[in-house]
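Visitor:
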Amino acid sequence: MTNLPLQTTWFLPRGELSRLIETLRADGYEVVGPTVDQGAIVYSEIRSTDDLPKGWTETQGPGQYRLERRTDDAYFGFTVGPHSWKKYLFPPLVTVSTAERTPDGWSISDGKNDPPKYAFLGVRACELAAIAVQDRTFLHGPYVDPVYKARRDQAFIIAVNCTQAASTCFCTSMGTGPRCTRGFDLALTELPAGFLVEVGSPAGEALAARLPLVEAAEDHTREAEARRQNAVDQIQRRMDTTGIRDLLLQNLEHPRWSDVAQRCLSCTNCTMVCPTCFCHSVRDVSDLTGDQARRERQWDSCFNLDFSYMNGGPVRNDVRSRYRQWLTHKLASWFDQFDVSGCVGCGRCITWCPVGIDLTEEVAAIRSSDGLQRPPVSPAAT
Amino acid sequence: MTLQTGINPWQSHPAVIESITLEVAGVATFRLRLQSEELAASYRFEPGQFNMLWVPGAGEVAISLSADPNGAGPLDHTIRAAGNVTRLLFRQTHGSVIGLRGPYGTSWPLEQAVGSHVILIAGGIGLAPLRPAILALLAQRDRYESLTLLCGARSPDTLLYPAERAEWERGGMKVLTTVDRADGQWKGAVGVVTLLLDRLTLPDPQQTTVFMCGPEIMMRFCALTALDRGIPAENLWLSAERNMQCAVGLCGHCQWGPNFVCREGPVFRYDRIAPFLNVEGL
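Chains C and U supply the protein sequences, listed in that same order. Each step along the first sequence adds one to the number in the numbering used here, with nothing skipped, and position 123 is 123. Each step along the second sequence adds one to the number in the numbering used here, with nothing skipped, and position 249 is 1249.
1) When burial is assigned at 16 or more other CB atoms within 10 Å of the CB, is E198 of chain C buried or exposed?
2) Which residues of chain U have a Cβ atom closer than 8 angstroms to the Cβ of D318 of chain C, listed in chain order?
3) Rounded to the nearest angstrom, what separates D145 of chain C and V282 of chain C at their Cα positions?
4) For the candidate residues U:R1154, U:L1149, U:W1256 and U:Q1011, whose alpha-carbon lies nearest to that of A946 of chain U?
5) Where DSSP assigns a beta bridge to R1033 of chain U, which residues make up the other side?
6) Let me see if you follow: with CB-CB separation under 8 angstroms, is W326 of chain C close to chain U or not?
7) Flag P1266 of chain U as yes if its beta-carbon sits less than 8 angstroms from any beta-carbon of chain C, otherwise no.
8) Among C:R228, C:Q250, C:Q337 and C:L89, which has the Cα closest to the Cα of W299 of chain C?
9) Quick one: list the residues of chain C neighbouring C1246 of chain U, beta-carbon separation under 7 angstroms, in chain order.
10) Using a threshold of 8 angstroms, state whether the C-beta atoms of V63 of chain C and P354 of chain C are closer than that.
11) Pull up the distance between the alpha-carbon of A216 of chain C and that of N161 of chain C, whole angstroms please.
12) Taking P192 of chain C as the reference, give the member of C:S333, C:D72, C:C267 and C:E205 with the closest Cα.
13) Let's test the definition: count the other Cβ atoms within 10 Å of the Cβ of H1013 of chain U and tell me whether it reaches 16, buried, or not, exposed.
14) Please report the distance separating the alpha-carbon of C126 of chain C from that of Q1035 of chain U.
15) For P92 of chain C, decide whether its Cβ has a neighbour in chain U, counting only Cβ atoms nearer than 8 angstroms.
16) Measuring straight from C-alpha to C-alpha, what distance separates T1194 of chain U and E1234 of chain U?
17) Taking beta-carbon pairs under 9 angstroms, can you tell me which members of the segment 1043-1070 of chain U lie near chain C?
18) Across the segment 230-243 of chain C and the segment 168-180 of chain C, are there enough close Cβ pairs to call them in contact, namely three or more that are closer than 8 angstroms?
19) Can you check which of these residues, C:L265, C:T172, C:G290 and C:G81, is closest to V123 of chain C by C-alpha distance?
20) List the residues of chain C that S1036 of chain U touches, going by C-beta distances under 7 angstroms, in chain order.
21) Give the DSSP bridge partners of G61 of chain C, in chain order.
22) Judging by CA-CA distance, which residue of C:M174, C:R324 and C:S341 is the nearest neighbour of V133 of chain C?
23) Residues of the segment 103-137 of chain C in Cβ contact with chain U at a cutoff of 8 angstroms, in chain order, please.
24) Please classify K1187 of chain U: is it buried, with 16 or more other beta-carbons within 10 angstroms of its beta-carbon, or exposed?
25) Using a Cβ-Cβ cut-off of 8 angstroms, state whether R295 of chain C counts as contacting chain U.
26) Would you list, in chain order, the members of the segment 140-167 of chain C that have their beta-carbon closer than 8 angstroms to a beta-carbon of chain U?
27) Determine whether the beta carbon atoms of L247 of chain C and I366 of chain C lie at a separation below 8 angstroms.
28) Could you compute how far the alpha carbon of E22 of chain C sits from the alpha carbon of R297 of chain C?
29) For G1115 of chain U, verify whether its CB is less than 7 angstroms away from any heavy atom of the ligand HEM.
30) In the DSSP output, what is S286 of chain C paired with across the bridge?
31) Check the Cβ of W975 of chain U against every Cβ in chain C and list those closer than 9 angstroms, keeping chain order.
32) Between V363 of chain C and M239 of chain C, what straight-line distance do the alpha-carbon atoms span, to the nearest angstrom?
33) Return the first residue and the last residue of the alpha helix (DSSP H) that G122 of chain C is part of.
34) So is T289 of chain C buried or exposed if we call it buried at 16+ other beta carbons inside 10 Å?
35) Which of the three DSSP states, helix, strand or coil, is assigned to Y148 of chain C?
36) At which residues does the alpha helix (DSSP H) containing T351 of chain C begin and terminate?
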């Protein structure tokens, strides 16, 4: 799934969307996509178009998320919710190793790693970018994570271009959207009569050949373009990323960190909803006899007090240092580590922060008073 | 055994505890041998690297090797009983089996130090990760101008490897020791380890290399003293410690500025880490 040139676009009549889901399911894919659950649009298994959030949209703001009815029956008329695809590729809880006591000591083996074949339906441009960011963490470093790789290798990705934006969106600042340009097998743009379909990979092409597609008419193409432009036009939030790595790493003692620490609850929400946050803890679970043990990997957060715990106590003992760790990692040291920003501009951390902390505001505040004249920070020792 | 791309980084290997030698109160050296003869024969490490030791049911800990790096001998780890896992390790007996994976991390730049005066500074149990370097340096004593070990400990009875010190001195290493609190028998220096560095004669500061391992605050002040004495920043090396859970730069716990201490460290060149060494709570 690389950057094939976008080929002739096709059109899938609205009534045939179910064929896409059925075909994938017949091929053994577990189709996962957006669905309404507990007042939010989340990702879950999609068995038919009935499971999709037809006619729903949402309003989002700092610390705010509300589902609303649309005036039409659009299937994808919303942006992103609290879930991201990382919950499938990098599961929140997974066993990485097991041990069983034997007369000679311990018999140690890998955790079970035979995930379902996932087809992701409705991946937005910022989410494609987020998957590419996590690819760098889990696949392209010196060590490949077998759990992520097994899931990622098999995944089939159907992107959906945004035709509207939430107030928290800032993908245009991060250069990640809203247009889906790479990293998908198929990409859809929703119109009232159906979906404009772009092919992004040989696997996508093979699937497209089995769908009842017709060649896209010119007014379909034009309308799709107008709808995609609508998303661009609606994006209000901005983050100035000029020299952002040095800006943040040269302001490690900026008074703004204490200011944001007064508001931050250190609740970990931002890291849980972030589609690129990869930190996890590994802990042992054993049965009562102690003869069976396994190592479980679980999402962790740099906002947890024990995240940095050592025998002398935690390194990051206050909220100030924990928020600083999160933001400088996400927007600055991520470049040193993975040669890319850790932020894709999806805005989830703004929406799901219970007190509405907005990282774009925090960065702007630091930038506006960047006067501490600290020496430049050398790159990571490698 | 060295982890390479494509190999499951979580895979631990059974290792037998061959002996447990009490060093000082609460500190013991665990001598491990990989159960698989093939792995045991191929296992190599560089001084300064660490292993992840697993007590199934309790958890894993990152422990620096303190073994002799020359040849495929037993794998010594000097461990202080500090947390759940290390306390459980102390309840194991000879012949017990635990899990081991590694080695991980960067190592002391022994090759780069060839031809220079090498000063090793250890604070407390910080001597353990330096022991492989000491043995490697002594094994090639003639390649180095001089070798000096500066040791700090809380009190005389907490000095690690007391029996070996005479051996190291015979091998051509000057060993100086200071304690925070002396007892009636103590005839050595009293005070922090930076004082030893202050008083040390440096024949050629420009051609002097320093390896430090101990509490962060100790290394910070030793580095400042070394810089004051004219030793270049790029000749100063330190070994850092952070919470480590994966050892391969995936879990995120050990981040220190842009560095994953497990991967870019634990051994860092001072000038590359200095901007972060002085920031509280980073």
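For each residue, glycine too, the CB sits at the ideal point set by N, CA and C.
Guide: Reading from the atomic positions:
1) buried
2) Ordered by position in chain U, the residues that pass the 8 angstroms Cβ test against D318 of chain C are G1281.
3) 14 angstroms
4) Because chain U in this structure spans residues 1001 to 1282, residue 946 of chain U falls outside the shown range and cannot be described.
5) U:V1016
6) no
7) no
8) C:L89
9) V282
10) According to the sequence shown, residue 63 of chain C is Gly rather than Val. Cβ atoms of G63 of chain C and P354 of chain C: closer than 8 angstroms.
11) 16 angstroms
12) C:D72
13) buried
14) 48 angstroms
15) no
16) 19 angstroms
17) W1054, V1055, P1056, G1057, A1058, G1059 and E1060
18) Of all C-beta pairs linking the segment 230-243 of chain C to the segment 168-180 of chain C, three or more are shorter than 8 angstroms, placing the two stretches in contact.
19) C:G81
20) Ordered by position in chain C, no residue passes the 7 angstroms Cβ test against S1036 of chain U, which lies about 11 angstroms from the chain.
21) Note: G61 of chain C sits in a beta bridge opposite C:Q64.
22) C:S341
23) Of all residues in the segment 103-137 of chain C, only D104, G105, W106, S107, I108, D110, G111 and T137 place a beta-carbon less than 8 angstroms from a beta-carbon of chain U.
24) exposed
25) Yes, R295 of chain C counts as interfacial toward chain U.
26) The residues in question are G141, P142, Y143, V144, D145 and P146.
27) Against a cut-off of 8 angstroms, the Cβ pair of I366 of chain C and L247 of chain C comes out as a contact.
28) Cα to Cα, E22 of chain C sits roughly 33 angstroms from R297 of chain C.
29) With respect to the ligand HEM, the structure offers nothing, as it holds no ligand at all.
30) C:A293
31) Any question about residue 975 of chain U goes unanswered here, given that chain U covers just 1001 to 1282.
32) 8 angstroms
33) Annotation: G122 of chain C is outside any alpha helix (DSSP H); the continuous beta strand (DSSP E) that includes it extends over K117 to V123.
34) exposed
35) In the structure shown, Y148 of chain C falls within a helical segment according to DSSP collapsed to helix, strand and coil.
36) R348 to T351
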